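In the numbering used here, the protein residues as written are 4 to 318.
Before any comments, here is the structure.
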């Protein structure tokens, strides 16, 4: 699902209004906080603790460096509950995010599902000290995945089909999934998938190798795995359909401290976002997976060079 050009154009106006009207909010200080630099050409780029976030963060960092920015890196910070306060505390200035997930963080009760609706609601929900730039057509959604054997045995196509087997399901996901609105509470409300806490297995690798291994060896029956994970094809996993859109549209989008948002930063990162595709994410995730995979910074460098972003975009 892509964000329409028409919506992106109109949202520029919405952004200007909401930034002016919104008020900042307080936050915790997970990385010790930082003093914001008045130099708009100096930024600290952060990432969450899964490879795709590190890859995109490196793409941002390397492209900004090619355009004369001084860039610090603070990667592998952790979950959204940790890194959003880090942006607000100026421990970092910029981090890759996903539109739907970010909206549900700030507005757990949201009922929008389409890319355009999610984006409009996100602009309204963001506090004034945070800004987003133009989202990318690249999308990486949360999914509920099972093995092909489980799908065949229980004749599973949708998440609703899995709900009929709730007592027998052990569910693997990051610990936050237990209480997030789009996690187990949302799956229960939307589909009746009722997983007791005793059948929830917390696996803190963001749907990575440990989660996949738990799914394929039978430790868990179903798991939260991102839609761009190469493990889906590599392990013949089945992603269950989500017709009620419990998991919202999740286009990649730069989240930046409003005090660090500049025309130059926007010009550079909007160009990156426009060029990034879902297929690119899958390819780079595949390149970095497994023991023989390359490092996220290498995958990012290859993409940056292939797209010509190792040359300056700014005059």
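The beta-carbon is built from N, C-alpha and C at its ideal position, and this holds for glycine as well.
As the structure is a prediction and not an experimental result, all values here were calculated from the model.
Exercise. In angstroms, rounded to a whole number, what distance separates the CA positions of residue 205 and residue 164?
Worked result: Those two C-alpha atoms are separated by around 23 Å.
Exercise. Using DSSP with H/G/I as helix, E/B as strand and the rest coil, what is residue 223?
Worked result: Residue state, collapsed to three classes: coil.
For this session: Decide yes or no for the touch test of the segment 292-301 against the segment 153-162: beta carbon pairs closer than 8 Å, at least 3 of them.
Result: No: the two stretches stay apart, fewer than three of their Cβ pairs being nearer than 8 Å.
Problem set entry | Test item: CB-CB of residue 179 and residue 253 under 9 Å | Contact flag unset, no.
Problem set entry | 4 or more residues per run - each alpha helix (DSSP H) lying fully within the segment 29-110 | As far as the segment 29-110 is concerned, its whole alpha helix (DSSP H) runs of at least 4 residues are 54-69, 83-91, 102-109.
For this session: Using alpha carbons as the reference points, say which of 76, 53, 55, 61 lies closest to residue 45.
Result: In this structure, 76 is the residue among 76, 53, 55, 61 with its C-alpha nearest to the C-alpha of residue 45.
Exercise. If you drop the 5 nearest sequence neighbours on each side, which residues of the same chain put their C-beta closer than 8 Å to that of residue 191?
Worked result: Same-chain partners within the cutoff: 197, 198.
Problem set entry | Own chain partners of residue 1 with C-beta closer than 6 Å, once the 5 adjacent residues on each side are dropped | Since the first and last residues shown for the chain are 4 and 318, residue 1 lies out of range.
For this session: Report all residues from its chain with a CB closer than 7 Å to the CB of residue 69; omit the five preceding and five following residues, and keep chain order.
Result: Answer for residue 69: 312, 313, 314, 315, listed in chain order.
For this session: Give the C-beta separation of residue 125 and residue 106 to the nearest angstrom, bearing in mind that I take them to be a contact with Cβ-Cβ under 8 Å.
Result: Sure, about 4 Å apart at Cβ, within 8 Å.
For this session: Just the C-alpha distance for residue 188 and residue 317, rounded to the nearest angstrom, thanks.
Result: Looking at the backbone, the Cα of residue 188 and that of residue 317 are separated by about 46 Å.
For this session: Kindly identify the DSSP beta-bridge partner or partners of residue 145.
Result: Per DSSP, 229.
Exercise. Are the beta-carbon atoms belonging to residue 224 and residue 172 less than 9 Å from one another?
Worked result: Annotated as proximal: residue 224 and residue 172, with beta-carbon spacing under 9 Å.
Exercise. Under 9 Å between the Cβ atoms of residue 84 and residue 229?
Worked result: Contact flag unset, no.
Exercise. Going by alpha carbons, who is nearest to residue 108 out of 146, 130, 219?
Worked result: The candidate whose alpha carbon is nearest that of residue 108 is 130.
For this session: Helix, strand or coil for residue 135, going by three-state DSSP, please let me know.
Result: Three-state result, residue 135: strand.
Problem set entry | Buried or exposed (CB count within 10 angstroms, at least 16 for buried), residue 50 | In summary, residue 50 is buried, with 16 or more beta-carbon neighbours lying within 10 Å of its beta-carbon over all protein chains present.
Exercise. According to the neighbour-count rule (16 or more other Cβ atoms, all chains shown, within 10 Å of its Cβ), is residue 319 buried or exposed?
Worked result: The shown model of the chain, from 4 to 318, leaves out residue 319, and the question about it has no answer.
Exercise. Taking three-plus beta-carbon pairs below 8 Å as touching, is the segment 260-268 in contact with the segment 276-295?
Worked result: The segment 260-268 vs the segment 276-295: no contact.
Exercise. Exposed or buried, residue 291, counting other C-beta atoms within 10 Å across all chains shown (16 or more means buried)?
Worked result: Taking every protein chain shown into account, the CB of residue 291 has 16 or more other CB atoms within 10 angstroms, so this residue is buried.
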